[in-house]
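The structure appears right after this line, and notes come after that.
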Amino acid sequence: MRTCLVVDDSSVIRKIARRILEEMDFEIIEAEDGEKALEVCKRGLPDAILLDWNMPVMDGYEFLGALRRMPGGDQPKVVFCTTENGIDHIARAIQAGANEYIMKPFDKDIVTAKFQEVGLVQFGAPV
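Residues 1 to 127 (full-length UniProt numbering) are what the sequence shown spells out, left to right.
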């Protein structure tokens, strides 16, 4: 089963993301900040990461930089998920190695579309 690491300091967002992604046949791992997410990745890299930008301890941008420097850290598909909608934030996320970008609030259709765009879900596959 494919794995998705959901990194967000909001337990509500993690719960919503879990519900959506489990319907897409992902096994979910949760972390409430970038530091804990990095610990998860050191134990084993997930197939996908749904990543918040603004978090305590280590934010999403710092986490993404550290992930991409790890051996194999270029493999997980990373989708930033944040309230930051400025073009500078989006450009910064993509330059740091994000594969896609989702604005909060999100729903199943948005997550499905973005995961299809990065090749994590096949078009027409049941979700």
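Just so you know, even glycine gets a beta-carbon here, dropped at the ideal spot from N, CA and C.
> When DSSP labels each residue in this structure, what does residue 115 get in the three-state scheme?
Replying inline: Position 115 of the sequence shown holds residue 115. Looking at residue 115 - three-state DSSP - the assignment turns out to be helix.
> Count the other CB atoms within 10 Å of the CB of residue 12; is the residue buried (16 or more) or exposed (fewer)?
Replying inline: Working through the sequence shown from its first residue, we reach residue 12 at position 12. By the 10 Å Cβ count, residue 12 comes out exposed.
> The alpha helix (DSSP H) with residue 96 in it runs from where to where?
Replying inline: Taking the first residue of the sequence shown as position 1, residue 96 is located at position 96. 87-96 is the span of the alpha helix (DSSP H), which, as asked, contains residue 96.
> Going by other Cβ atoms of all chains shown within 10 Å of its Cβ, with 16 needed for buried, is residue 86 buried or exposed?
Replying inline: By 1-based counting over the sequence shown, the position of residue 86 is 86. By the 10 Å Cβ count, residue 86 comes out exposed.
> From 111, 9 and 32, pick the residue whose C-alpha is nearest to that of residue 22; which is it?
Replying inline: Here residue 22 refers to the residue found at position 22 when the sequence shown is read from its first residue. Among 111, 9 and 32, the Cα nearest to that of residue 22 belongs to 111.
> Taking the continuous beta strand (DSSP E) assigned at residue 57, which residues delimit it?
Replying inline: If you number the sequence shown from 1, residue 57 lands on position 57. Note, residue 57: premise wrong, no beta strand (DSSP E); not H, not E.
> How is residue 120 classed by DSSP in three states: helix, strand or coil?
Replying inline: By one-based count along the sequence shown, residue 120 stands at place 120. Residue 120 falls in the coil class under three-state DSSP.
> Where does residue 1 land, buried or exposed, given buried means 16+ other C-beta within 10 angstroms?
Replying inline: Numbered from 1 along the sequence shown, position 1 holds the residue referred to as residue 1. Under this definition residue 1 is an exposed residue.
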